[in-house]
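So the sequence shown is residues 1 to 763, counted in UniProt numbering.
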Amino acid sequence: MGSPSASSGAGDVEAVRAAHLEMLSSVVASGEQEPWPSTPSLTHSYHHAFEGFAAELTEEEAAALSDHERVVSVFRDRALQLHTTRSWDFLDTQSGLRTDRLGRRASGDVIIGVIDTGVWPESQSFNDAGMGDVPARWRGLCMEGPDFKKSNCNKKLIGARYYGIQPGSAAPTSSNASLGAVTAAMTGSPRDTVGHGTHCASTAAGTVVADADYYGLARGAAKGGAPASRVATYKVCTMGGCSSSALLKAIDDAVSDGVDVISISIGMSSAFASDFLSDPIALGAFHAHQRGVLVVCSGGNDGPNPYTVVNSAPWILTVAASSIDRTFQSSVVLGNGNVVKGVAINFSNQSLSGDRFPLVSGAQAAGRYTPVSEASNCYPGSLDVQKVAGKIVVCVGTNSMVSRRVKKLVAEGSGASGLVLIDDTEKDVPFDAGSFAFSQVWAPTWARRSSTTSTPPKRKYGCFPGWFRNPTAVILPTEDVKLFKPAPMVASFSARGPGGLTESILKPDLMAPGVTILAAAMPSTDKADVPDGNKASAFAIKSGTSMACPHVAGAGAFVKSAHPGWSPSMIRSALMTTATTRNNLGQPVASNTGAVATGHDMGAGEISPLRALSPGLVFDTTAKDYLNFLCYYGYKAKLVRMVSGDAGFACPRGTPSPDLIATGINYPSISVPRLAAGKAVTVSRTAMNVGPPNATYTATVEAPAGLSLKVLPERLVFSRRWTTAAYEVSFASARASKGYAYGAVTWSDGAHSVRTHFAVNVV
Numbered sequence: 001m002g003s004p005s006a007s008s009g010a011g012d013v014e015a016v017r018a019a020h021l022e023m024l025s026s027v028v029a030s031g032e033q034e035p036w037p038s039t040p041s042l043t044h045s046y047h048h049a050f051e052g053f054a055a056e057l058t059e060e061e062a063a064a065l066s067d068h069e070r071v072v073s074v075f076r077d078r079a080l081q082l083h084t085t086r087s088w089d090f091l092d093t094q095s096g097l098r099t100d101r102l103g104r105r106a107s108g109d110v111i112i113g114v115i116d117t118g119v120w121p122e123s124q125s126f127n128d129a130g131m132g133d134v135p136a137r138w139r140g141l142c143m144e145g146p147d148f149k150k151s152n153c154n155k156k157l158i159g160a161r162y163y164g165i166q167p168g169s170a171a172p173t174s175s176n177a178s179l180g181a182v183t184a185a186m187t188g189s190p191r192d193t194v195g196h197g198t199h200c201a202s203t204a205a206g207t208v209v210a211d212a213d214y215y216g217l218a219r220g221a222a223k224g225g226a227p228a229s230r231v232a233t234y235k236v237c238t239m240g241g242c243s244s245s246a247l248l249k250a251i252d253d254a255v256s257d258g259v260d261v262i263s264i265s266i267g268m269s270s271a272f273a274s275d276f277l278s279d280p281i282a283l284g285a286f287h288a289h290q291r292g293v294l295v296v297c298s299g300g301n302d303g304p305n306p307y308t309v310v311n312s313a314p315w316i317l318t319v320a321a322s323s324i325d326r327t328f329q330s331s332v333v334l335g336n337g338n339v340v341k342g343v344a345i346n347f348s349n350q351s352l353s354g355d356r357f358p359l360v361s362g363a364q365a366a367g368r369y370t371p372v373s374e375a376s377n378c379y380p381g382s383l384d385v386q387k388v389a390g391k392i393v394v395c396v397g398t399n400s401m402v403s404r405r406v407k408k409l410v411a412e413g414s415g416a417s418g419l420v421l422i423d424d425t426e427k428d429v430p431f432d433a434g435s436f437a438f439s440q441v442w443a444p445t446w447a448r449r450s451s452t453t454s455t456p457p458k459r460k461y462g463c464f465p466g467w468f469r470n471p472t473a474v475i476l477p478t479e480d481v482k483l484f485k486p487a488p489m490v491a492s493f494s495a496r497g498p499g500g501l502t503e504s505i506l507k508p509d510l511m512a513p514g515v516t517i518l519a520a521a522m523p524s525t526d527k528a529d530v531p532d533g534n535k536a537s538a539f540a541i542k543s544g545t546s547m548a549c550p551h552v553a554g555a556g557a558f559v560k561s562a563h564p565g566w567s568p569s570m571i572r573s574a575l576m577t578t579a580t581t582r583n584n585l586g587q588p589v590a591s592n593t594g595a596v597a598t599g600h601d602m603g604a605g606e607i608s609p610l611r612a613l614s615p616g617l618v619f620d621t622t623a624k625d626y627l628n629f630l631c632y633y634g635y636k637a638k639l640v641r642m643v644s645g646d647a648g649f650a651c652p653r654g655t656p657s658p659d660l661i662a663t664g665i666n667y668p669s670i671s672v673p674r675l676a677a678g679k680a681v682t683v684s685r686t687a688m689n690v691g692p693p694n695a696t697y698t699a700t701v702e703a704p705a706g707l708s709l710k711v712l713p714e715r716l717v718f719s720r721r722w723t724t725a726a727y728e729v730s731f732a733s734a735r736a737s738k739g740y741a742y743g744a745v746t747w748s749d750g751a752h753s754v755r756t757h758f759a760v761n762v763v
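Written as structure tokens, this is what we have:
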């Protein structure tokens, strides 16, 4: 990658492409290109937000290219992963503010670019009835394909692009470091063939659709966070994965097209994180941010372990996932009259006959020579069909390698009439079993409700209580449970901080609904997904940080529409400092384990879009802050100048110094990765007044025992709007427990509360 690029006309574009081909020719020897084409294969050329290209190269050619004086980095084209109604009403309820009053401030001039699997344009969520003309600044395209016409775009869905294998390119051999290879052939159309992109786009900015539901569940008005905003989609993924080179091209195009917010529910696995200038999402987002575009990314689904959060660059708004006040209950009625409440989505008609079905544990139904531990977990091939047929099989979830979907397929394939899964993990995320009778229950509840004695015996693989004879049961179809408490709660799958690349930036940034989210989808063509007697649903219920990300993108667009002059950093700050850390019981938000959630679980807390419209103060992280960050992190000044295009930039003295990241970057949160006994760490921040003039803010501190904090000055006085004031926070350990400690500094003028959360690692 080279330096940032100005927007180009058609002639300039060809000139840039020619320059890229010339650079390629300098490292690709013509006699060594067979069986490749006689000219270097240029897959993508980036020339809007930044300059660069994707090409097919051998390891040797890639190494030679990396030594070129104009090249910042060379990296493989990796296959990235997708991070897969009521939610917006729940957020409004949590804020305590009037949506109809504040929502009038939103306009339709904000454009959200969704980089994902494409779009299903026929969805009513993209109906443009009543919308005004497309903003004149829009420069994007509505690309056509065999199943997608320009007429599929409208005043709501204003753009649709797709990225496939370029003409003349071919799949490289294993000896090649392919910078332009795609793992699976793209459909030659912007149309969504997965459903993920449609769901995300409608969550961010879907039009209000009355009486939306998923086969009767979650019925209500479906809407996006910014229903007045426009949507442009960029298809870079299929079921086989996402091409990082195509994603970079999509970011480049989106910035040139004129989007205001980019939503990316895609990322690398936390086990294979790249440094900031070799990560295609971080690199593209950096240049988008330079051009005034807010980039929102999912934090990943590798939780709940620490150091799993991805997309953690400081110029990216990184999102964790939470639950909402709705769940889906699937109860098991036992033959002894007891009812065990579980969670699942199933549309089974098992209960219609009034019969009870025999219960059999996986251990009791083990096939010949099959270990009991495998049969108890419904391991593939472990069950004896004759012992299972027509019965409800009861399995456990002690083997994490066997997913709920696999267990369901094993039980169904063995002829079982239903499956009860005893598993305390993922209990916050109902599994969709379709028409198969399924319920997930908690081990203590199952043992208590299914027992006929006060003290059931202990069995290592006792997924089924063997202490009463001829047990029977029936699994009821799913029903909505509304106004569920407590909510929100950090989702079990949501990736946790600290960030693997640096602990000096507190990630994730904030949290948004990502569990059982109803939104638009492509109608399923698989009969197994459609309950008997129903047509394919136009909506789907999905969970993941993929679903949380477009919530924040929509909230960012909502704030942008009310404050069009705000920078991406100001919008991020407003969303973070106004986030809530209390649930609908008025208690601290908890993680999926029940423990109080920390900044590494939920960031600043759950978004409150309405409060973010009037944050009082904001922390504007500047371009210089980000360049200094790269210096502190360890990049050379020459490389930073090339990335930024700022020929006069010089790294601060004393760099590289990772410790200076925490103290010198004007971020709306604070992370101190190392606080030693007897040695204080002082962090500086600068706040900007975006509220009324003549405002005085006073600081209050939340800190755990043993951690000493001092804020200087304790009062910030602003005579006018847009003025700034600096302050310092000094941390010292006074017999604090080792490890991370969490708290916050809150500034208040009586009308606004500006909360800056922190994480301090006491060593």
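All C-beta atoms in this analysis are idealised placements derived from N, C-alpha and C, irrespective of residue type, glycine included.
Given the structure is predicted, the values throughout are model-derived calculations rather than measurements.
With contacts defined by Cβ atoms closer than 7 Å, A62 and V74 form a contacting pair. Counting of Cβ neighbours within 10 angstroms places A416 among the buried residues, the total reaching 16 or more. Taking the C-beta atoms as reference points, A491 is found no nearer than 7 Å to G599.
At the C-beta level, T478 and N346 come within 7 Å of one another. By the C-beta density criterion, V763 is exposed, having fewer than 16 other C-beta atoms within 10 angstroms. Per DSSP, reduced to three states, the secondary structure at R191 is strand.
Ranked by how close their Cα comes to the Cα of Q350, the residues A437, V643 and S244 have A437 in first place. Residue burial annotation: K391 is buried, with at least 16 other C-beta atoms found within 10 angstroms of its C-beta. Contact check for V754 against L617 passes: the beta carbons are separated by less than 7 Å. By the Cβ criterion, the segment 219 to 236 is in contact with the segment 202 to 209, since at least three pairs of Cβ atoms, one from each stretch, lie closer than 8 Å. Within the segment 243 to 274, the beta strand (DSSP E) runs of at least 3 residues that lie entirely inside it are, in chain order, 261 to 264.
Secondary structure at R611: helix, using DSSP grouped into helix, strand and coil. Scanning its chain for C-beta atoms nearer than 7 Å, with the 5 sequence neighbours on each side dropped, one finds around K408 the residues L419, A433, F436 and F438, in chain order.
Residues V319, A548, H551, V552 and I607 of the same chain have their beta carbon placed closer than 6 Å to that of A512, with the five preceding and five following residues left out of the count. When DSSP states are grouped into helix, strand and coil, Q350 belongs to the helix group. Less than 7 Å divides the Cβ of G605 from the Cβ of T581. According to the DSSP secondary-structure assignment, W747 is paired through a beta bridge with A699 and V754.
The beta carbon of V231 sits closer than 6 Å to those of I112, L157, A201 and A205, all from its chain and outside the five residues before and after it, given in chain order.
Annotation: S543 is outside any beta strand (DSSP E) and is labelled neither H nor E by DSSP. Within the DSSP secondary-structure output, N154 pairs in no beta bridge.
Closest in C-alpha terms to G664, from the list A680, T578, G654 and D625, comes D625. At a Cβ-Cβ threshold of 7 Å, P668 and M602 do not count as neighbours. I517 has its alpha-carbon roughly 14 Å from the corresponding atom of V481.
In this structure, L675 sits away from Y632, with a CB-CB distance that is not shorter than 7 Å. Boundaries of the alpha helix (DSSP H) around F286: P280 to Q290. Among the bridge pairs identified by DSSP, V441 is matched with I422. The alpha carbon of T308 has as its nearest neighbour, out of G497, V410, G197 and L283, the alpha carbon of G497.
Note that the segment 634 to 653 does not touch the segment 710 to 727; fewer than 3 beta-carbon pairs, one per stretch, sit closer than 8 Å. Residue range A623 to Y633 is occupied by the alpha helix (DSSP H) that includes F629. In chain order, H44, Y46, G52, A54, P280, L283 and G284 place their CB closer than 8 Å to the CB of L248, counting only its own chain and leaving out the 5 sequence neighbours on each side.
Here H287 is buried, its C-beta having at least 16 other C-beta atoms within 10 Å.
By the Cβ criterion, the segment 529 to 544 is not in contact with the segment 552 to 562, since fewer than three pairs of Cβ atoms, one from each stretch, lie closer than 8 Å. In this structure, W120 keeps its C-beta atom at 7 Å or more from the C-beta atom of D211. In the DSSP assignment, the residues bridged to L317 are V296. Around N127, the same chain offers K156 and T207 as residues with beta carbons nearer than 7 Å, after the five sequence neighbours per side are excluded. By the beta-carbon neighbour count (other beta carbons within 10 angstroms, threshold 16), Q440 is buried.
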